[in-house]
Amino acid sequence: MSGAGTVGVVMLVHEALDRAAQVARHWATNGCPVVVHVDLQVGQEGFNRFRTGLSDLPNLVFSDRHRCEWGAWSLVQASQTAADMMLRTYPDVRHVYLASGSCLPLRPVQELVDYLDERPRTDFIESTTTQDVPWTTGGLNAERFTLRFPFSWKRHRRLFDRFVRLQRRVGYKRKVPDGLIPHLGSQWWCLTRQTLSAILEDPKRNTYESYFKWVWIPDESYYQTLVRLYSTNIESRSLTLAKFDYQGKPHTFYNDHLQLLRRSDCFVARKIWPNADRLYQAFLNVDAGDLKHTEPNPGKIDRVFSKAVERRTLGRAGLYMQSRYPVEGRENGLTASGYSVLQGFDELLLDFAPWLEKNAGVKVHGHLFAPDRAEFSGGGQIYSGGVSDSALVRDYNPKSFLTNLIWNARGEHQCFQYGPNDTQALNWFMAKDPNAHIYIITGAWVVPLFHSNLNFSEIRKEAARLQRIESAQLNVLRSPYVKARVQTMNMSEFVESPMEVLQTILDAIGPRSMHALSEVPKLVDLTGFGKFLQNLKNQGMHPYLMGDFPTDVLGTQKTLKPRKPYLVRK
Amino acid sequence: MGILGSYRRRVERQRFRVRAFRKRRELAEVSNRTRQIQPCDIIVFSTIRNERVRLPYFLKYYRDMGVNHFIFVDNDSDDGSREYIADQPDASIWTTKHSYKTARFGTDWLNWLLSKYGHGHWALTVDVDEFLVFPFSDTRPLRALTDWLDASSIPSFSAMLLDMYPKGRIDAVPYEEGQDPFEIAAWFDSGNYTISKNDRYANLWIQGGPRARTFFTQNPERAPAMNKIPLVKWDRHYTYVSSTHMLLPRVLNKVYDVGGGEKASGCLLHAKFLDTFGVKAKEELERGQHYANSHEYKAYHDAMRQDPDLWCKWSEKYINWRQLEILGLMSKGNWA
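Sequence order for the protein chains is A and B. Just so we're aligned, residue 1 is where the first sequence starts under my numbering, counting upward by one. Just so we're aligned, residue 1001 is where the second sequence starts under my numbering, counting upward by one.
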C-alpha cells in the first residue's frame, strides 16, 4: 500500500448474501477497509449468519441498517450512514468506493489502488445535467427534480403514475434549493475523502436532504448533484461497469460473459448473477502478479447491450413471430427486404421469368398468387423455409405467406409475376410496403384471352372481370397512403419501347444489370390485336386499360433490340 | 375487449378452476414427494401415457437444465412408465384411468396440480416429447432465465413448438432409450409459420411446420397450433385453457410485442416424429381421445401409410438456439 492513503469500500447488500460475503472478504483481505450496509429487509437470522461469517476480518465493520427500497431515499440514507462510518472509522482512507453486493471486482484490487493513487484528487462519479441524459426512462427527466414522488414505483405503480399526472395537470413544480443544479448519473461512485466529507458535513445538509427525499431515484442524483458544489476535479464516469436495459433495470452478467468482462478492463462490474460460479471463480482469484495499467474500455460490452435494447425495442424488420407481432402501422418494416411485383410482363414477353432470372441474377417466381398454386421459381411444391405451394395454405394467411417468403430469402431480391387473375388479398399490404417495387403493364391480361380458344362471349365476360379487378388494384395504388415504388404503363406504351422499361427494372433490382444485355426476350405475336380489341368494343365491352392499338398496325412477331450500351471514350 | 369481455373471461377462468377442482378426484396418488419442493424450485408438469422409452432422456434433459422437481399425471400407462417415475427421487406421480378427452386433454388434471403445487413457482408444463430451448440455454441454466424474468416482472414465457423430423422414413432409425432424439430427428421447417391473433384470449395462433405442409394442405385451418406458453410463474388463480397454447387471465398470453420490438422467447423442440410415431398414431386413433375427434391423427395415419418422409430440400438441420434465433423462430429480446 502506498503511503498516500487507502481505498475504502462501502458495500450495500440486500440479497445473495453468500456472494456479497465472498466479495467483501476479497476487498478486505486485499487491504481495503469495508463498511457493509445490510438492508433491514434481510432477516435478523440471515444477517447474523452473514456477520459471523465475516467476523474474522479486522478491517470490516457493519453500519446501522435501513430498510431500503428501490428508487427511494432510503438507499441514499444507507450509503450516507455507511460512508460516514467509513470516514470516521478509517482515517487512512482517501477514496471511498460505493459498491453493491452484486458488484464484482474484475481486476486485482492493487490495480484499482494504484489507479487511484495516481489520481489522488479525482472524484469518479458520473454526473450530467438532465438535458444531456439519454438513458432515463419513462419520460421523467427534469421532472424527477420538480415533482414529488411519495409512492413507490415498484409497489404502487398506478398511484405513482396517477400522482405524476395529477401534478402535471395542476402545474405543480418544486423549487430546487438555491445553488443546486440537478445532475444525474450512475449511483456507483468513487469519491475522495475531501469531497465526500464536504457533502456529509455540509451545514445545509438538512435542507438538501429534505429536498432530495421526494426526488425520484435520489441515489442517482443526490451525490451527483452535490458533488458539483465541492469537487475540484470531477471525472464524470463511473468506475463500475453497469449497463441498463430500456426499462432502466441493470443488465446481469453470466458465466458466458467471462471473456467480454475480461477484455473490458473495467475495475468493477455489476450486476453479477449470484449463480455465475465461473465469474466469481475467475475474478476473485486473479493473479496479482502482472499488473496492467490500462484504462477501462467497456466499448464492446456497450455494443452487446445496446444491441439487445435495440432488439427489444425495434426488432427485426419484416419478422412476424411468436414474440413479435406488431399492430398495423408499427411494424418498423412490413417486409424484410426489397421485392418486385411484375404485372403483365409474362403475358407480353415469351419466357420472361427465366430471362429475367438470368439477366438480373435474382430469384424470379411465376405467379405466386395464381389461383391453383404458388408458382415458385424452379417449379417445386415447397420453397425456401418450407413454404408450401398449396393455394389453400397460401390463401389461408396470404400475409404470412408473403412475409415468410421474403424473410426466408435472407435479403435476396425476389421477383414474382402478378395479375388480376391472382389472389388480390395483399394489394393494400404491398401498396403500403416501401420494400415493394410494383411494375404494371395495364391491360396485358387480355393477351392470353386474345390467344385463347374460348368463345368470344366468354372472352368478353372474362375480360370485363379482369379489367374490373385490375382497375380496383390501380385505385389502391393511387391512394395517398401508398409507400411502394409503383410504375404503371399501359400495354401500348410498353409495346412502344419495351427495352427501356426492362432496362429500368434491371437497373432497379439486378446486381448484374450493369452489363449490356446479351439476349432479349421476344414479344408475343400481336398480329390482329387491334382488331381483337375493336371486337370487344363492338360487343359492348370497353377495354380501356390497354391504351391505343390501331386496328391493323403491329405486324408480325417482333424481336426486341437491346439498347446500345453507352461507350465512354478517352 | 371491453369490460363485458373481461368479465366473461373471468367467469370462464373460474369455471376452469372449478372443473380442475372436481377433476382432482380422478387422480390417484402413486408417489408424492412434493414435500421436498423448496420455495424457489422450478417444477416440470407433464401428462404421460406409455412413454417409458422416452422418460430417461426427458428427465435427464430437464435435470441438466436445472429443474428441481417433476410432477406427472399418468393416464393409465401399461408399459412401466408409472413405476419408473415412482422410483425417481425428484418426481411425484398421480395416475388416472379416466378419459383424457373429458379432462380436456389432460388440462384439467394439470390445472389442479398446478394450482396445488405450482403456486409461487416457475412451472414448466411440457409433454415428454417437448424439449425447451431458450436464449443462451447452452451456457445458462433455466434459473438464469427465470431470475431474469422475475427481475423484469415478466410472468410468462413463450416457446413455440418446433416439429423435428428425421431425413428419410420416420421409422427408419429406431429410437433407443436414453438417446438424444434429435440425433435422429434433426431437421425442422424454418420459415413456413402463419400467425394470426386470437382476440378471445389475446394470444397468437401459430400454425405451420412439416405437419401443415404435408398433412393439411387441403384444410390448413385444421393444422395443429404451434404457439405454446409453457413457462409460467404460477399463481393459483391461473389456468391453462387448452393444452399449453393459452392461459387465463389473458395478460399471460401477451408474450409478444405489438410495437415492433421483440420479447424474449424460446422454442419447444418437438420429438414427435420418431419410429414410435406410427404405433402411437394408430393407438391414439383407436382410442379417439384427441382433439377434434382426433382428425389430426386420422390425417397422420393416412399419410403415414403412404410415404412417411417429412424431409425436403429446404429442411434446416438443427444446430443450436442461436440458429433458431437468427432464423427468427425465437428471440433474445433484451436479454443479453
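We put the CB at the ideal spot given by N, CA and C, even for glycine.
Range covered by the alpha helix (DSSP H) that runs through residue i
{"i": "A:Met85", "result": "Ser74 to Thr89"}
{"i": "B:Tyr1061", "result": "Leu1055 to Met1065"}
{"i": "A:Phe456", "result": "Phe456 to Leu477"}
{"i": "A:Tyr97", "result": "Premise fails: A:Tyr97 lies in the beta strand (DSSP E), Val93 to Ser100, not in any alpha helix (DSSP H)."}
{"i": "A:Leu163", "result": "The residue asked about is misnamed: residue 163 of chain A is Phe in this sequence, not Leu. First-last of the alpha helix (DSSP H) with A:Phe163: Arg157 to Val170."}
{"i": "A:Phe450", "result": "Val446 to His451"}
{"i": "A:Asn206", "result": "Arg205 to Phe212"}
Cα-Cα separation, residue i to residue j
{"i": "A:Ser388", "j": "A:Pro326", "result": "24 Å"}
{"i": "B:Glu1012", "j": "B:Val1018", "result": "10 Å"}
{"i": "B:Gly1080", "j": "B:Pro1141", "result": "30 Å"}
{"i": "A:Met541", "j": "A:Arg460", "result": "7 Å"}
{"i": "A:Phe50", "j": "A:Ala21", "result": "7 Å"}
{"i": "A:Ser2", "j": "A:Val109", "result": "In this prediction, A:Ser2 scores a pLDDT of 41, lower than 50, which makes its location untrustworthy; no coordinate-derived value is stated."}
{"i": "A:Ile272", "j": "B:Ala1151", "result": "13 Å"}
{"i": "A:Ser337", "j": "B:Arg1082", "result": "52 Å"}
{"i": "B:Arg1010", "j": "A:Glu295", "result": "58 Å"}
{"i": "A:Gln281", "j": "A:Lys173", "result": "50 Å"}
{"i": "B:Leu1324", "j": "B:Ala1020", "result": "36 Å"}
{"i": "A:Ala276", "j": "A:Val486", "result": "55 Å"}
{"i": "B:Tyr1300", "j": "B:Leu1268", "result": "21 Å"}
Identity of the residues DSSP links to residue i by a beta bridge
{"i": "B:Ile1071", "result": "B:Phe1045 and B:Ser1092"}
{"i": "A:Ile440", "result": "A:Gln343 and A:Thr488"}
{"i": "A:Phe253", "result": "A:Ile272"}
{"i": "B:Cys1267", "result": "B:Val1133 and B:Met1160"}
{"i": "B:Ala1028", "result": "B:Thr1095"}
{"i": "A:Arg324", "result": "A:Met321 and B:Asp1257"}
{"i": "A:Ala242", "result": "A:Arg270"}
{"i": "B:Val1232", "result": "B:Ala1123 and B:Ser1156"}
Contact with chain A by residue i, beta-carbon distance below 8 Å
{"i": "B:Met1160", "result": "yes"}
{"i": "B:Thr1096", "result": "no"}
{"i": "B:Thr1194", "result": "yes"}
{"i": "B:Val1232", "result": "no"}
{"i": "B:Asn1227", "result": "yes"}
{"i": "B:Ala1139", "result": "Per the sequence shown, the amino acid found at residue 1139 of chain B is Thr instead of Ala. Closer than 8 Å: yes."}
{"i": "B:Phe1136", "result": "yes"}
{"i": "B:Trp1148", "result": "yes"}
{"i": "B:Cys973", "result": "Nothing can be reported for residue 973 of chain B, as the shown portion of chain B is limited to 1001 through 1336."}
{"i": "B:Ser1331", "result": "yes"}
Short CB-CB distance (under 8 Å) between residue i and chain B
{"i": "A:Pro498", "result": "no"}
{"i": "A:Asn297", "result": "no"}
{"i": "A:Gln322", "result": "yes"}
{"i": "A:Pro434", "result": "no"}
{"i": "A:Asp245", "result": "yes"}
{"i": "A:His575", "result": "Residue 575 of chain A cannot be examined here, being either before or after the span of chain A that is shown, 1 to 570."}
{"i": "A:Arg575", "result": "Residue 575 of chain A is absent from the structure shown; chain A starts at 1 and stops at 570."}
{"i": "A:Val13", "result": "no"}
{"i": "A:Glu331", "result": "yes"}
{"i": "A:Tyr339", "result": "no"}
{"i": "A:Asn255", "result": "yes"}
{"i": "A:Tyr325", "result": "yes"}
Buried versus exposed call for residue i [16 or more other C-beta atoms within 10 Å across all chains shown]
{"i": "B:Asn1219", "result": "exposed"}
{"i": "A:Cys32", "result": "buried"}
{"i": "A:Cys103", "result": "buried"}
{"i": "A:Val7", "result": "buried"}
{"i": "B:Glu1296", "result": "buried"}
{"i": "B:Asp1074", "result": "buried"}
{"i": "A:Pro105", "result": "buried"}
{"i": "A:Lys570", "result": "With a pLDDT of 48 at A:Lys570, under the threshold of 50, the modelled position of that residue is not reliable, and the figure given next carries that caveat. Exposed."}
{"i": "A:Glu126", "result": "buried"}
Start-to-end residues for the beta strand (DSSP E) that takes in residue i
{"i": "B:Ile1206", "result": "Asn1203 to Gln1207"}
{"i": "B:Trp1122", "result": "Trp1122 to Thr1125"}
{"i": "B:Ile1184", "result": "That residue, B:Ile1184, is in no beta strand (DSSP E); it is neither H nor E in DSSP."}
{"i": "A:Gly366", "result": "Lys363 to His367"}
{"i": "B:Tyr1240", "result": "Thr1239 to Ser1242"}
{"i": "A:Gly8", "result": "Thr6 to Val13"}
{"i": "A:Lys154", "result": "Segment: none, A:Lys154 is in no beta strand (DSSP E) and carries neither H nor E."}
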